[in-house]
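Some notes on the structure that comes next.
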């Protein structure tokens with residue numbers, strides 16, 4: 027819908043893969059944000075290991091690179107097109123009234139995740155937790171920047187303005203986060219955090235290896 031509009035900053039063919047990569051990116055970050063505390067509280071270290079965190083970190087790094095490329099592509103396209111409305115829209119994002127939101131978005135989504143090139147960072151749980159929270163913040167600001175900057179200065183100067191959120195809007199956002207946390211806590215209270223079938227499969231696998239080691243020890247004796 028964004029890509030089909032004529033609003034400056036929205037009319038871009040990169041929006042398709044951009045939003046898909048962003049959805050995967052923010053989804054993995056949110057899973058990490060919720061999984062790390064649950065793993066610690068419920069003592070699931072045996073089932074959720076460094077192997078899982080490292081593989082998730084690699085997906086985060088890959089999608090972060092794609093999202094960062096999309097950011098660069100948007101600005102390059104606006105510059106190369108020489109369309110004044112497009113150039114003005116992206117200048118407004120980076121250096122206008124919304125520059126803080128834009129640079130928070132870029133830093134959290136495209137710069138900070140590059141630490142995941144290092145294996146120690148990919149398996150260091152506190153680092154992953156902080157990074158996942160920063161990514162969630164960055165992705166929220168991404169949506170904010172796309173919508174607000176595009177609508178605050180369109181083609182008609184008569185409707186130009188600077189958006190400031192009202193208290194009811196802030197309350198709706200805070201309530202949305204509150205409802206999500208509440209329903210998540212209710213879910214893990216009623217349903218198993220890890221599927222029982224997966225736990226059984228892991229237990230059977232470990233038992234088979236234990237039997238092999240025991241039989242091997244007997245054979246050596």
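In my numbering, the protein residues as written are 27 to 247.
Think of the CB as a built atom: it goes at the ideal place given N, C-alpha and C, for glycine as much as any other residue.
Please read all numbers here as calculations on a predicted model, not as lab measurements.
- For the pair residue 176 and residue 116, the Cα-to-Cα distance works out to about 9 angstroms.
- In this chain, the alpha helix (DSSP H) harbouring residue 78 covers 76–107.
- Residue range 151–178 is occupied by the alpha helix (DSSP H) that includes residue 152.
- Taken through DSSP and simplified to helix, strand or coil, residue 187 comes out as coil.
- Using a C-beta cut-off of 8 angstroms, the region 200–212 makes no contact with the region 159–175, since fewer than three inter-stretch Cβ pairs fall below that distance.
- For residue 53, the secondary structure class from DSSP, reduced to helix, strand or coil, is helix.
- Boundaries of the alpha helix (DSSP H) harbouring residue 194: 193–216, taken from the DSSP string.
- C-alpha of residue 197 to C-alpha of residue 191: approximately 10 angstroms in a straight line.
- Spatial neighbours of residue 220 in its own chain (CB-CB distance under 7 angstroms, excluding positions within 5 residues in sequence) are listed in chain order as 70 and 73.
- It is roughly 32 angstroms from the alpha-carbon of residue 59 to the alpha-carbon of residue 122.
- Take residue 124, set aside five residues on each side of it, and the residues of its chain with a beta-carbon closer than 6 angstroms to its own are 175, in chain order.
- Residue 157 sits close to residue 138, with the two beta carbons spaced by under 8 angstroms.
- Around residue 48, the same chain offers 93 as residues with beta carbons nearer than 6 angstroms, after the five sequence neighbours per side are excluded.
- When 172, 84 and 80 are compared, the shortest CA-CA separation from residue 37 is found for 172.
- Less than 8 angstroms divides the Cβ of residue 80 from the Cβ of residue 149.
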